[in-house]
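Here's the structure we're looking at; comments come further down.
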Ligand SMILES: NC(=O)c1ccc[n+]([C@@H]2O[C@H](COP(=O)([O-])OP(=O)(O)OC[C@H]3O[C@@H](n4cnc5c(N)ncnc54)[C@H](OP(=O)(O)O)[C@@H]3O)[C@@H](O)[C@H]2O)c1
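Residue numbers (the numbering used here): 36 to 294.
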């Protein structure tokens, strides 16, 4: 539990779901948390809650699609904390892709811009300081949905696959400057985002458990944090299945999910 105590953490997507859970868990473990998202009011309420619980947090509102806004958020963080030891790029969103109904390239690109682009911009703001200081820890919240091209998940899966590959590749480069890189791949977690899903979600994890698993992994500087165990095991197998086995399995899973 000691690893996060007094660490300065910049967390995006902190106003809801996994990010909100992470902010509370990080604070519980003694980290100082800078909260970023667009909804300033939700962040202010969360900040109050953390402070009332004896933790340390600051609101640094920002939009991950806008570098200027992120730089402003990071300046606010620096005013309070002096800098960040750990940066968690968690902000993101999801919608289902139905290309046979309507093909919406601009929407798919918007999703890429939030999920993948948001992570790149967030890291871009802090990396010059981390490489100069030769220390730091970057964490990207991707998804098990980035392992394979799943039905109805084309745009979301592509954005998460991009994150997974970028983080994996970046790890090689940042080793030499002592900056750790962690890829987080959750399965289904119960949040306002997944509450919109109309299909059944296997091994649905609650936010508190997800936040504990992610914090445990960050403390151990794990390269990859994947959960829940049974769904990760299943998706890891799916990842290496040849197409002739993957396609009928994916179709059957889609049929079962729609039941
Ligand atoms: N829930 C799951 O089952 C699941 C599974 C795998 C991966 N994930 C990933 O986990 C992350 C969090 O998801 P969640 O389920 O917790 O979703 P959520 O409850 O909808 O939370 C999404 C967060 O991202 C923020 N956000 C969205 N667009 C933003 C923008 N342009 N700039 C700044 N912040 C922005 C939202 O805040 P504002 O709207 O206030 O800006 C909110 O705080 C996402 O990256 C998601 O892809 C989720």
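Positions of the beta carbon are idealized from the N, C-alpha and C atoms, including for glycine.
Computed from a predicted model, the values in this text were never measured in an experiment.
Anyone know if the C-beta pair for residue i and residue j falls short of 7 Å?
{"i": "residue 94", "j": "residue 105", "result": "no"}
{"i": "residue 174", "j": "residue 217", "result": "yes"}
{"i": "residue 125", "j": "residue 48", "result": "yes"}
{"i": "residue 71", "j": "residue 108", "result": "yes"}
{"i": "residue 213", "j": "residue 170", "result": "yes"}
{"i": "residue 117", "j": "residue 243", "result": "no"}
{"i": "residue 139", "j": "residue 45", "result": "no"}
{"i": "residue 100", "j": "residue 149", "result": "yes"}
I need the DSSP call for residue i, collapsed to helix, strand or coil.
{"i": "residue 82", "result": "helix"}
{"i": "residue 36", "result": "Per-residue confidence for residue 36 stands at a pLDDT of 45, beneath the threshold of 50, marking its modelled position as unreliable; the derived number appears in the next sentence. Of the three classes helix, strand and coil, the one that applies to residue 36 here is coil, per DSSP."}
{"i": "residue 224", "result": "strand"}
{"i": "residue 239", "result": "coil"}
{"i": "residue 279", "result": "helix"}
Can you tell me whether residue i is buried or exposed, with buried defined as 16 or more other CB within 10 angstroms of its CB?
{"i": "residue 227", "result": "exposed"}
{"i": "residue 103", "result": "exposed"}
{"i": "residue 128", "result": "exposed"}
{"i": "residue 159", "result": "exposed"}
{"i": "residue 42", "result": "buried"}
Under 6 Å from any heavy atom of ligand 1, does the C-beta of residue i make it?
{"i": "residue 90", "result": "no"}
{"i": "residue 39", "result": "no"}
{"i": "residue 59", "result": "no"}
Could you tell me the boundaries of the beta strand (DSSP E) in which residue i lies?
{"i": "residue 45", "result": "43–47"}
{"i": "residue 89", "result": "Where residue 89 is concerned, there is no enclosing beta strand (DSSP E), given that its DSSP letter is neither H nor E."}
Mind checking which residues open and close the alpha helix (DSSP H) that includes residue i?
{"i": "residue 250", "result": "242–254"}
{"i": "residue 192", "result": "189–210"}
{"i": "residue 159", "result": "140–168"}
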